[in-house]
Each structure stands twice: as structure tokens, then as C-alpha cells.
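K.L.:
Heads up: the protein sequence lines correspond to chains C and V, in order.
Mind the numbering: the first sequence is residues 94 to 254 in this note's numbering, read in order.
Mind the numbering: the second sequence is residues 275 to 394 in this note's numbering, read in order.
Have a look at this one.
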Amino acid sequence: MSVQYVPTVADLNEIVEQVWASYLDPEGVNPLIPVESAADASDIHASVSITGSWHGHVVVACSNAAGKLAAAAFLAMEPEEVTEADLIDVLGELANIVGGNVKSMLPAGCFVSLPHVVSAPAQANHWPAAVQVCELAGLWSGESIAFSMWQSRELTGEAAA
Amino acid sequence: MKILIADDSRVMRQIVTRTLRQAGFDGHDLVEAADGRQAYDKAVEEQPDLVISDWNMPEMTGIEVLRALRGGGNDVKFGFVTSECTQEMQDQAEAAGAHFFIIKPFTAERFSEVFTPLIG
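Below, the structure is given as C-alpha cells:
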């Protein structure tokens with residue numbers, strides 16, 4: 094299998110900007126402010142896996158507060174009204190939207206899984222067959238949220254050869 | 275007019291509903307389906323005038339629902355709202371008889387552009 098394309102932070106940024114413009118900040122007053130590290134974005138992790146001509150995962154990680162803000166924005170409600178079910182559904186959908194758009198940038202013949210959401214710190218998540226290839230980390234209303242792509246080790250090795 | 279909204283995400287069903295309202299399509303009878311099988315069953319039983327469907331759903335994918343409906347002679351107006359937007363998928367949708375293909379994230383303006391000719 095050959096790797097024609099490795100997704101970049103610029104790709105993630107383009108997709109994330111569309112999500113903010115459509116759902117999270119339609120008025121354009123509260124953008125995602127890029128930061129160096131996603132160290133604090135570790136309460137909730139939502140992911141979709143991509144298989145086929147590219148193998149890997151698209152992961153959305155955020156603090157609980159950022160997740161509630163996102164759910165409130167998606168559902169047009171107040172953050173304090175957000176339930177655990179809302180939070181999980183919204184973060185899963187966020188991963189689905191970003192993953193689906195990433196797929197469109199990959200070679201033909203990829204499949205996107207249904208989303209998987211884990212309410213646990215980063216240490217609870219392991220991707221033993223993949224390595225992180227890019228990450229877009231930021232602060233939104235002072236809360237951490239990060240989007241990352243993890244690529245199959247096999248593909249990474251081929252790409253480096 | 276009856277509209278069937280099929281998406282396994284409750285959040286996305288709510289967003290589609292809200293965006294329809296924002297785009298000026300108020301007052302329609304909305305029916306929801308939470309997976310592809312439900313979408314197919316409700317499309318047959320409820321006889322909606324329009325089906326707005328996700329692509330990637332449990333039980334049956336959206337394209338499987340559309341093909342099953344068309345295979346059974348059902349010509350309901352049917353289209354996709356999906357985050358997956360490859361040319362391959364758009365070609366499959368068109369070949370199966372889809373009327374529209376909306377990519378997530380979407381805006382009320384996009385809904386207005388697509389749905390005005392269909393239900394406006």
C-alpha cells in the first residue's frame with residue numbers, strides 16, 4: 094500500500110474553521126485560539142477511525158467545560174442544561190464531521206467508522222497501532238479543545254522510507 | 275408536507291430541524307429515524323414527501339436505504355446530509371436517484387438553496 098497523502102494541521106484548521114463558523118461561533122466573535130499544546134484537553138475524547146486506502150483515527154479531545162460549551166452551542170441551550178447524553182452525542186458528532194471532511198482529502202476508497210466517545214483522561218486512551226501525525230490545539234472561551242490525527246504505524250513507516 | 279429526518283445522532287437531527295426553521299421551512303410535519311433500518315421503515319410507512327438522510331448510520335447506511343426504496347418503486351424525494359463528501363459518494367448518490375447532497379457543516383443558506391426548489 095502506498096501513501097499518497099498525509100493530512101496536515103492546515104487541513105484540520107480548514108475543517109475546524111468551518112465547524113466554528115457553522116455551529117460553534119456563527120457570529121464570528123468567539124474563535125478557537127491556537128495554543129502550543131493540548132495538555133489540558135483531556136476530559137473527553139471522541140474519535141472516528143478511517144480505514145481503506147488510509148488507516149488512522151481522527152480524535153477530538155476537550156475539557157468538560159469545553160464539551161459543555163460545544164453541546165450548548167450545537168443544541169441552542171445553556172451550558173448548565175447540557176446532560177451527559179448531550180455531551181457524548183455532540184462530541185461524537187463533532188468527531189464525525191471532522192473525520193468525514195478529512196476523508197474527503199484522502200485518496201479514494203476510505204471508510205469512516207461510527208463515532209466512539211470516552212469520558213476519561215488522555216491516559217485512558219491508547220492507539221497502539223498508530224502515531225499522532227498532526228494536532229490542532231486551542232482555547233475556546235478559555236477552555237481546551239484539540240483535534241488530532243493518528244496514522245497507522247505501518248503507513249508512517251512506508252511514508253518515511 | 276411531511277419530512278423524514280434520518281440520522282443516528284440526536285444532536286444532528288435537532289440541528290437539521292433547527293436549520294430547516296432558520297431557512298424558512300416552518301410548519302412541516304417532521305418525523306425522525308435514528309438508524310438506517312428505521313429510516314427505510316418510516317419512509318415506507320409514513321410516506322413522507324421528503325427524506326433528509328445521513329450517510330453513515332447503523333443497521334443500514336443512507337445509500338442502502340435509498341437503493342432499497344428505489345428498488346421497491348418508491349420515488350420519494352431523498353437526499354443526503356453528510357460529513358463525507360467524496361466525488362465517489364456523490365456519484366453513488368446521484369446514480370441511486372438522490373435529489374441533493376449537503377455537506378456538514380452546513381448553513382441555513384445552503385438549506386434554503388437546496389430545499390426551496392423541492393419544498394419551497
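In this text, a Cβ means the ideal position worked out from N, Cα and C, and glycines have one as well.
Keep in mind it's a predicted model, so treat the numbers as computed, not measured.
Quick test of your reading: C/ALA163 and C/VAL183, contact by CB under 8 Å. State the CB separation rounded to the nearest angstrom.
P.N.:
With 8 Å as the limit, C/ALA163 and C/VAL183 qualify as a contact, their Cβ atoms being about 6 Å apart.
K.L.:
Give the straight-line distance between the Cα atoms of V/GLN364 and C/MET242, rounded to the nearest whole angstrom.
P.N.:
Straight-line Cα distance between these residues: approximately 25 Å.
K.L.:
Anything in chain V within Cβ reach of C/ILE190, meaning under 7 Å, just list it in chain order.
P.N.:
Neighbours of C/ILE190 on chain V, chain order: SER357, LYS378, PRO379.
K.L.:
Output the distance between the C-alpha atoms of V/GLY346 and V/THR335, rounded to the nearest integer angstrom.
P.N.:
Their backbone Cα atoms lie some 17 Å apart in a straight line.
K.L.:
Between which two residues does the alpha helix (DSSP H) holding V/ASP315 run?
P.N.:
Segment 310 to 319, the alpha helix (DSSP H) holding V/ASP315.
K.L.:
Please specify which runs of the beta strand (DSSP E), each continuous and at least 3 residues long, are wholly inside the segment 127 to 176 of chain C, giving them in chain order.
P.N.:
DSSP runs (the beta strand (DSSP E)) wholly in the segment 127 to 176 of chain C: 137 to 145, 149 to 155.
K.L.:
Does the structure place the segment 305 to 316 of chain V close enough to the segment 163 to 182 of chain C that three or more beta carbon pairs sit under 8 Å?
P.N.:
Counting Cβ pairs under 8 Å, fewer than three are found: no touch.
K.L.:
Where does V/ASP303 sit, in a helix, a strand or coil, going by DSSP?
P.N.:
Looking at V/ASP303 - three-state DSSP - the assignment turns out to be strand.
K.L.:
Please decide whether C/SER274 counts as near chain V, where near means a Cβ-Cβ distance under 8 Å.
P.N.:
Residue 274 of chain C lies beyond the range of chain C shown here (94 to 254); nothing can be said about it.
K.L.:
Below 8 Å on C-beta distance, what does C/TYR98 contact in chain V?
P.N.:
Those within 8 Å of C/TYR98 in chain V number zero; the least Cβ separation is about 13 Å.
K.L.:
Answer with buried or exposed for V/GLN361, where buried requires no fewer than 16 other C-beta atoms within 10 angstroms of its C-beta.
P.N.:
Exposed, by the Cβ-count rule.
K.L.:
What in chain V is Cβ-close to C/GLU186, meaning under 7 Å?
P.N.:
Near C/GLU186 (Cβ distances below 7 Å), the residues of chain V are SER283, VAL285, MET286.
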